[in-house]
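Working notes, beginning with the structure itself.
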Amino acid sequence: MKKIAVSMLAFLTVVSLASCQDTKSSDSSKAETKSSAAEVSSAEQTESAAEEAEDDSPYTVLADFSKGESSSFMCSDGWSNGSPFDCTWKKDNVTFEDGLMKLTISSVIEDEYNAAEYRSNDFYGYGLYEVSMKPMKNVGVVSSFFTYTGPSDSNPWDEIDIEFLGKDTTKVQFNYYTNGKGNHEYLYDLGFDASEEFHTYGFEWKEDSITWYVDGEAVYTATENLPVTPGKIMMNAWNGKGVDGWLGKYDGTTPITAEYQFARFTAAE
Numbered sequence: 001m002k003k004i005a006v007s008m009l010a011f012l013t014v015v016s017l018a019s020c021q022d023t024k025s026s027d028s029s030k031a032e033t034k035s036s037a038a039e040v041s042s043a044e045q046t047e048s049a050a051e052e053a054e055d056d057s058p059y060t061v062l063a064d065f066s067k068g069e070s071s072s073f074m075c076s077d078g079w080s081n082g083s084p085f086d087c088t089w090k091k092d093n094v095t096f097e098d099g100l101m102k103l104t105i106s107s108v109i110e111d112e113y114n115a116a117e118y119r120s121n122d123f124y125g126y127g128l129y130e131v132s133m134k135p136m137k138n139v140g141v142v143s144s145f146f147t148y149t150g151p152s153d154s155n156p157w158d159e160i161d162i163e164f165l166g167k168d169t170t171k172v173q174f175n176y177y178t179n180g181k182g183n184h185e186y187l188y189d190l191g192f193d194a195s196e197e198f199h200t201y202g203f204e205w206k207e208d209s210i211t212w213y214v215d216g217e218a219v220y221t222a223t224e225n226l227p228v229t230p231g232k233i234m235m236n237a238w239n240g241k242g243v244d245g246w247l248g249k250y251d252g253t254t255p256i257t258a259e260y261q262f263a264r265f266t267a268a269e
């Protein structure tokens, strides 16, 4: 797979911590400010370029979870997306141990659950997005890797998805939204159980196409009504409610965990 040249603003910073940084997600106040290259000073650009050269990373963004938490990402904490997310994001449900990031669904009281989400601080556009992960295997849950932006960012709802439905982890669902319009789901038969070992999944987002990959092999391409708005890189693990036809009825099993080795992005030229 062709790697895409690294942008000048990229840098790799990883901090080894036992649990997620104590940072409140600004999404809870729905006032999160979009970061853009234009807002970065020349001095900051020079510093980022120097750090990148020192690290010699081929990626625009690299979160290597074997080294712990990434300063390019943060935890969602204390809020919920609402339907169909039958849970509340909690930073304590994002942990870094055994060389992995672990996103866990835990119970609060009967029929109330906490879940986990890890999202980038900045927004990214065209390029190659990749993750190495093992999804949860359980009816009624979703493990994901995706890009997203929406009204809370003062943007249209644009999204590109890789989602594992825990009821059948021998398949992966690809999807995308453009200005809130979805219904582009495609279920791909992997030929293996994704929950049993780590594999690399990704998508390359171009102006005229989105191509999804499994272990470096292109498996599906979309070309119509594509998203155009840069979004945040996101990973989450959650249980659904009222979507039994899609996910199956969640049986309340806790704790249940999705595991991630790395997430990375290579910007298009």
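For what it's worth, the UniProt record's numbering labels the leading residue of the sequence shown as 1, then goes sequentially. The C-beta atom is built at its ideal place from N, Cα and C for all residues, glycine as well.
Mapping DSSP to helix, strand and coil, what is residue i?
| i | result |
| --- | --- |
| S72 | coil |
| G245 | helix |
| F65 | helix |
| K232 | strand |
| K102 | strand |
| K24 | At K24, the pLDDT of 38 sits below 50, so the modelled position is not reliable; the number obtained from the coordinates is stated separately. Reduced to three states, the DSSP call for K24 is coil. |
| A268 | coil |
| N179 | coil |
| S144 | strand |
| K90 | coil |
| S152 | helix |
| residue 324 | Outside the shown range of the chain (1 to 269) lies residue 324, about which nothing can therefore be said. |
| W205 | strand |
| M136 | coil |
| G127 | strand |
| S80 | coil |
| L190 | coil |
| G216 | coil |
Taking just the CA atoms, how far does residue j sit from residue i?
| i | j | result |
| --- | --- | --- |
| K171 | L165 | 8 Å |
| K102 | A115 | 11 Å |
| E159 | F96 | 26 Å |
| D111 | D98 | 30 Å |
| R264 | K91 | 21 Å |
| W89 | Y113 | 9 Å |
| S66 | H184 | 34 Å |
| I256 | Y213 | 26 Å |
| A268 | D244 | 38 Å |
| E39 | G248 | Caution is warranted here: a pLDDT of 40 is assigned to E39, below 50, making its placement in the model unreliable, and no coordinate value can be reported. |
| L100 | F198 | 11 Å |
| K24 | G78 | Any reading at K24 needs caution, since the residue's pLDDT is 38, under 50, leaving its predicted position unreliable; the model's value is listed next. So the two alpha carbons sit approximately 8 Å from each other. |
| Y177 | D208 | 15 Å |
| G68 | Y260 | 11 Å |
| E130 | D215 | 10 Å |
| W246 | N81 | 18 Å |
| L187 | D168 | 11 Å |
Could you check if residue i is buried or exposed, using at least 16 other CB atoms within 10 Å of its CB as the buried criterion?
| i | result |
| --- | --- |
| W157 | buried |
| K134 | buried |
| K181 | exposed |
| G140 | buried |
| P223 | Checking the displayed sequence, the identity of residue 223 turns out to be Thr instead of Pro. So T223 ends up on the exposed side. |
| D56 | exposed |
| I109 | exposed |
| F192 | exposed |
| Y250 | buried |
| D153 | buried |
| G202 | buried |
| D161 | buried |
Just to confirm, is the Cβ distance from residue i to residue j under 9 Å?
| i | j | result |
| --- | --- | --- |
| M234 | F145 | yes |
| E117 | A194 | no |
| S70 | L62 | yes |
| S143 | A218 | no |
| K241 | S106 | no |
| N179 | E163 | no |
| T221 | T60 | no |
Return the Cβ separation of residue i and residue j in integer angstroms, given the expectation that the two are a contact with Cβ distance under 8 Å.
| i | j | result |
| --- | --- | --- |
| L190 | I210 | With 8 Å as the limit, L190 and I210 do not qualify as a contact, their Cβ atoms being about 19 Å apart. |
| N93 | T253 | In fact, because the Cβ distance is near 15 Å, the residues do not count as touching under 8 Å. |
| R119 | K232 | 5 Å |
| F262 | S76 | Contact flag wrong, Cβ pair sits at about 20 Å. |
| L128 | E196 | With 8 Å as the limit, L128 and E196 do not qualify as a contact, their Cβ atoms being about 25 Å apart. |
| T147 | N155 | Not really, about 12 Å apart at Cβ, beyond 8 Å. |
| Y124 | P230 | 6 Å |
| N239 | D122 | With a Cβ gap of about 28 Å, N239 and D122 do not count as contacting. |
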